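Numbering-wise, the sequence shown is residues 0 to 152 according to numbering that gives the first Met the number 0.
Glycine is no exception: its CB is placed at the ideal position from the N, C-alpha and C atoms.
Given the structure is predicted, the values throughout are model-derived calculations rather than measurements.
Step one of this worksheet: look at the structure below.
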Amino acid sequence: MWTIETRARHDRSKLRYPSDLTDDEWTLIVPLIPAAKRGGRRRTKDERELINGIMYVLSTGCQWRYIPKDLPPKSTLHDYLNLWNDNGTLANIHHALYTLCREQAGRDASPTACVIDSQSVKGAEKGGPASILTAMTRARRSKARNGISLSIR
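The following block contains the structure:
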């Protein structure tokens, strides 16, 4: 329910972009971001700006080349998005924030029930995503059909 306290807490008008992280949001996320690898180049970009840039692209849906100039370059943002997606950092951030939101709402950290619709059940009966891959690959032709017949008279 919207109260004066919750409106003030969710007010994003003082931020540079509405997708930027507030200080409270940043304190929740910063321990989940892995440190730079030892022996490699030092990070020259601020992790908070990297997250702000990724959040800008994800929230606005803009193309990478239209990222504002005051955010890190598109190649840097794209590389970190891929890196953090591959090593599970984004999944860890999502899980931590998801469980925190559920606990703040007075619910268990993980849901105990789910809803399955008839389309999901039909997809599972047919084999789901694994069967899609085989259905989309090209049919193989036999070598006998493609070969040149040597029985020419």
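Pairwise C-alpha distance: residue j and residue i
{"i": "Gly-87", "j": "Lys-36", "result": "15 Å"}
{"i": "Gln-62", "j": "Trp-83", "result": "19 Å"}
Nearest candidate by alpha-carbon position, reference residue i, set the options
{"i": "Gly-52", "options": "Arg-64, Ala-34 and Pro-71", "result": "Pro-71"}
{"i": "Val-154", "options": "Pro-17, Tyr-55, Cys-61 and Leu-89", "result": "Residue 154 lies beyond the residue range present for the chain, which begins at 0 and ends at 152; the question has no answer from this structure."}
{"i": "Leu-27", "options": "Lys-13, His-93, Thr-59 and Trp-63", "result": "His-93"}
{"i": "Glu-24", "options": "Arg-11, Pro-33 and Ala-34", "result": "Arg-11"}
Beta-carbon contacts of residue i that lie in its chain and below 8 Å, excluding the five residues immediately before and after
{"i": "Arg-101", "result": "Asp-107, Ala-108, Ser-109 and Pro-110"}
{"i": "Tyr-54", "result": "For the record, residue 54 in the displayed sequence is Met; it is not Tyr. Ser-18, Asp-19 and Leu-20, listed in sequence order."}
Assumed close pair residue i, residue j - CB separation to whole angstroms, cut-off 8 Å
{"i": "Leu-49", "j": "Tyr-16", "result": "Actually they do not touch by this definition, with Cβ atoms about 14 Å apart."}
{"i": "Ala-112", "j": "Leu-31", "result": "At roughly 28 Å, the Cβ-Cβ gap does not stay under 8 Å, so Ala-112 and Leu-31 are not in contact."}
Where residue i falls, given that 16 or more other Cβ within 10 Å makes a residue buried
{"i": "Asp-45", "result": "exposed"}
{"i": "Leu-57", "result": "exposed"}
{"i": "Leu-99", "result": "exposed"}
{"i": "Ile-3", "result": "exposed"}
Heavy atom of the ligand GTP within 8 Å of residue i beta-carbon
{"i": "Leu-14", "result": "With respect to the ligand GTP, the structure shown offers nothing to examine, as it has no ligands at all."}
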